[in-house]
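**Q** Here it is, the structure, as structure tokens.
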Amino acid sequence: MSMDLGAYAAFIVPAYGITIVALGGTSLWVWGAWRAARAKLAALEKI
Amino acid sequence: MFDWLFRYANPARFMGLSGTLLPWLVALTVLTIGTGLYLGFSAPPDYQQGRTVLILFIHVPAATVMEMAYGAIVIASLFSLVNRHILADVAARTAAPLGAIFTVLALVTGSLWGRPTWGTFWQWDWRMTSTLVQLFLYVGYMALWSAIEDETKAARICAVLALVGAVNIPIIKFSVQWSASLHQGESIMSGGLDKAFLAPLLIMILGYTLLFVTLWLVRIRTAITERRARSLMQGVGA
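Residue numbers (my numbering), protein chains in the order written: chain A, 1 to 47; chain B, 1001 to 1238.
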């Protein structure tokens, strides 16, 4: 049990944490870029 | 032979089709990854690795998508060189950063899994070194795209680089069979993985694949929209 807790703290939580941050961050970046491009096109189409 | 593909390679048709598919893809991605994680965390501890086996469910899918993304770049590059299709260039270019992120994740999670199972974070064996080379290939590919101003020229040169770099894919795949390594050999197709781990792993691989496809489609849509905005700006400026 204590070994499992050590494994969680040292390896499992960092591995999952990095994955969540990387994939979550990438999704936000991709979504943000799409929203920005769409807003820019909409503004230009109004001119 | 590829007539059906070229019908959807028209940017307007692509935007329509991808716009319809995306909400379904997002829902399927969330459902698949959620199910995979639930089943993974419900699986019993491995008799040798204990709970560190949980890293399997994020490491292997990341490594699979790393290769899949490069495969997508290679196929798009072939279409770019043979058919000179603008959407093929956009597809290849937009897949690269995603592939690079999945490669970083494969390397980092693999390293964090290696320490408790092998006793080391890193070993310069064929599998790990070729995966690192894959990351350099992605970074080099993106740098080359950014370095050449003429987009048509950049697309041609980058397509050639992508095709040359494809030699690394079989090296990554078969390296564990070619040489002795700390990295374990193929265990999905060989039946070496218990069902309790295999089912969540396959679901997670599907989930990661869906996530990649979803992000890739949004990136292609963004690139098409930016191109439209650029051509409108040129029209306004003229």
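Ideal Cβ placement from N, Cα and C applies to all residues, glycine included.
#1: Look up G1050(B) in the DSSP assignment and say whether it is helix, strand or coil.
#2: Can you tell me where the alpha helix (DSSP H) holding V1082(B) begins and where it ends?
#3: How would you write the range of the alpha helix (DSSP H) that E1151(B) sits in, first residue to last?
#4: When you compare each of T1109(B), G1071(B), G1050(B) to I20(A) by their alpha carbons, which one comes out closest?
#5: Evaluate contact between the segment 1045-1054 of chain B and the segment 1092-1109 of chain B, counting only Cβ atoms and requiring at least three cross-stretch pairs below 8 Å.
#6: In terms of alpha-carbon separation, which member of V1139(B), Q1123(B), G1165(B) lies closest to V1074(B)?
#7: How many angstroms separate the CA atom of P14(A) from the CA atom of W1178(B)?
#8: A1162(B) to A1196(B), Cα distance in whole Å?
#9: Just to make sure I have the definition right: I need the residues of chain B whose C-beta is within less than 9 Å of the C-beta of V21(A). Which are they?
#10: Using only alpha-carbon positions, find the residue among W1122(B), R1227(B), L1211(B) that is nearest to A22(A).
#11: From W29(A) to A1155(B), what distance separates their C-alpha atoms?
#12: Return the CA-CA distance between A1147(B) and G1140(B), expressed in angstroms with no decimal places.
#13: Who are the Cβ neighbours of L1056(B) in its own chain at under 7 Å, not counting the five residues just before and after it?
#14: Using the Cβ count rule (16 or more neighbours within 10 Å means buried), how would you classify M1127(B)?
#15: Starting from the beta carbon of T1209(B), find every residue of chain A whose beta carbon is closer than 9 Å, and list them in chain order.
#16: Give the residues from the segment 1101-1131 of chain B that approach chain A closer than 8 Å (Cβ to any Cβ), ordered along the chain.
#17: Whose C-alpha, out of Y1138(B), M1204(B), V1213(B), Y1208(B), is nearest the C-alpha of F1041(B)?
#18: Since Q976(B) is in the alpha helix (DSSP H), which residue starts that stretch and which ends it?
#19: Could you name the residues of the segment 1040-1055 of chain B whose beta carbon sits closer than 8 Å to any beta carbon of chain A, in the order they occur along the chain?
#20: Check whether chain B comes within 8 Å of K40(A), counting only Cβ atoms and requiring the distance to be less than that.
#21: Please state whether DSSP places W1113(B) in a helix, a strand or coil.
#22: Quick check on Q1184(B): buried or exposed, where buried means 16 or more other Cβ atoms within 10 Å of its Cβ?
#23: Can you list, in chain order, the residues of the segment 1213-1225 of chain B whose Cβ is nearer than 7 Å to any Cβ on chain A?
**A** Considering the structure as presented:
#1: Residue state for G1050(B) is assigned as strand, using DSSP reduced to three classes.
#2: Segment 1056-1083, the alpha helix (DSSP H) holding V1082(B).
#3: 1151-1165
#4: Comparing Cα positions, the closest option is T1109(B).
#5: no
#6: G1165(B)
#7: Straight-line Cα distance between these residues: approximately 31 Å.
#8: 38 Å
#9: Those do not exist, as V21(A) stays about 10 Å from chain B at its closest Cβ, beyond 9 Å.
#10: L1211(B)
#11: W29(A) and A1155(B) have their C-alpha atoms roughly 24 Å apart.
#12: So the alpha carbons of these two residues sit roughly 10 Å apart.
#13: F1197, L1201
#14: Before going further, note that residue 1127(B) is Arg rather than Met in the sequence given. Classification for R1127(B): buried.
#15: By Cβ distance, chain A contributes nothing, its closest Cβ being about 13 Å from T1209(B), past 9 Å.
#16: I1101, V1104, L1105, V1108, T1109, L1112, W1113, R1115, P1116
#17: Answer by Cα proximity: M1204(B).
#18: No answer is possible for residue 976(B): it lies beyond the span of chain B, which begins at 1001 and ends at 1238.
#19: P1045, G1050, R1051, T1052, L1054, I1055
#20: yes
#21: In the structure shown, W1113(B) sits in a helix (DSSP, three-state: H, G or I).
#22: Of the residues assessed, Q1184(B) falls on the exposed side of the cut-off, its CB having fewer than 16 other CB atoms within 10 angstroms.
#23: L1215, V1218, R1219, R1221, T1222, T1225
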